Each structure stands twice: as C-alpha cells, then as structure tokens.
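Undergrad:
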Amino acid sequence: MSSEAFRDHGPRPHALDIEQATLTNDRFRTTLWTGTNLQLTVMSIEPGGEIGLEMHIDRDQFLRVEAGRGRVLMGPERDRMSFDREVVDDWVVLIPAGTWHNVVNTGEEPLKLYSLYAPPEHPHGAVHRTKADADAAETGEAEAEREAEQEAEGEAGAG
C-alpha cells in the first residue's frame, strides 16, 4: 500500500480495504481515520508483545483480529481480569467503556488487528512505530491534558 493509504483521512468521507490495510501495516499503531465520534486505527503487535494494560473511561472499543493469535484479558479493576480468551484471525473483541483490558500476542508472527474507538482516543494522524513510541505519546498527551485542566481552573478562579 502507498504511504498515502497510511495517513489519517478523517473527517472526510473515505473507503478502504481494511483487511489489506491491517495486514500490510508494520507499525504498532497507525491512525487511518478520525471523525467527531469515531476513530479507526490499525495495529501490528510483535510476538510476545502487547497493547498494554489500559482503560478508556468514556470510550467503547471494537477490535478485529485479521492475522495471528492473541490473548484478551478484561476486567473491572486493574488487578482483577475476570475475562480471559484466546483469539485468532476473524475474531472480534468488544470492550465496554471503563473496562480494564490488554491484548497479548501469544503467536510466533505479528498480531494484526484494527480498532474502532467511539469517541476517538488518539490525536488526528497519530502514528506510533513501536509500543515505546505509543507509551511516550500517551504520557505526553496526559501531561498536556492536565496542564490544560489546570489552566482552565486558574482562569475560572480568576474570573
């Protein structure tokens, strides 16, 4: 696929071969479309790698495995994963908002999947070549959100 295919086309109308995009993506995460209420990313998780334990307080998430083998863990608390399933190509995972979750590649080849977030989770055009890049970006995003909240609180208190 061309590099044009691996950029964020939102919020304009768009159509693509999602299976081909998912299977040819070699980055940890690539955002392909960001709208007001929905976001599409493709992911490639190396053998033994993982998405990382996370929880989206106000976002539902849909995952579809296109290739590979993985283990999905979900639960109501960080240390209480009550849902544990093996997934392979053509399986979907539905993650309710507020649910702790992780996906681990248990196979010998990259785990290829795509994810839909509602509403969007990542900045428009986000690309993370590796999990380390994704972790660094998320730390920066969280710090920026805290700074914006503090600034807004300061303005509210001054007014």
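Under the UniProt record's numbering, the letters of the sequence shown match residues 1 to 159, in that order. Just so it is clear, CB atoms sit at the ideal spot from N, CA and C, and this is done for glycine as well. Note that this is a predicted model, so its numbers are computed, not measured.
1. By how many angstroms is the C-alpha of GLY68 removed from the C-alpha of HIS124?
2. Work out the CA separation of ASP26 and MET74 for me, nearest whole Å.
3. Indicate whether the contact test is met: 3 or more Cβ pairs, each with one atom in the region 54-69 and one in the region 27-36, closer than 8 Å.
4. Enumerate in chain order the residues of its own chain whose CB-to-CB distance from GLU109 is below 6 Å, with the five nearest sequence positions on each side excluded.
5. Can you give me the Cβ contacts of VAL93 inside the same chain, cut-off strictly under 6 Å, excluding the 5 residues immediately before and after it?
6. When the Cβ atoms of the region 9-20 are set against those of the region 131-139, are three or more pairs found closer than 8 Å?
7. Would you kindly report the start and end of the unbroken beta strand (DSSP E) that includes ILE45?
8. Exposed or buried, which one is ASN37 when buried takes at least 16 other CB atoms within 10 Å?
9. Since GLU66 is in the alpha helix (DSSP H), which residue starts that stretch and which ends it?
TA: In brief:
1. Put simply, the backbone Cα of HIS124 is about 27 Å away from that of GLY68.
2. Per the coordinates, the alpha-carbon of MET74 lies some 26 Å from the alpha-carbon of ASP26.
3. Segments in contact, no.
4. In the same chain as GLU109, and ignoring 5 residues on each side of it, the C-beta atoms closer than 6 Å to its own belong to GLY68, in chain order.
5. Closer than 6 Å at the Cβ level, and outside the excluded window around VAL93, lie LEU63, VAL72.
6. With the rule of 3 Cβ pairs closer than 8 Å, the region 9-20 does not count as touching the region 131-139.
7. 39-45 is the span of the beta strand (DSSP E), which, as asked, contains ILE45.
8. With fewer than 16 other Cβ atoms within 10 Å, it is exposed.
9. Per DSSP, GLU66 belongs to no alpha helix (DSSP H); it is in the beta strand (DSSP E), 60-67.
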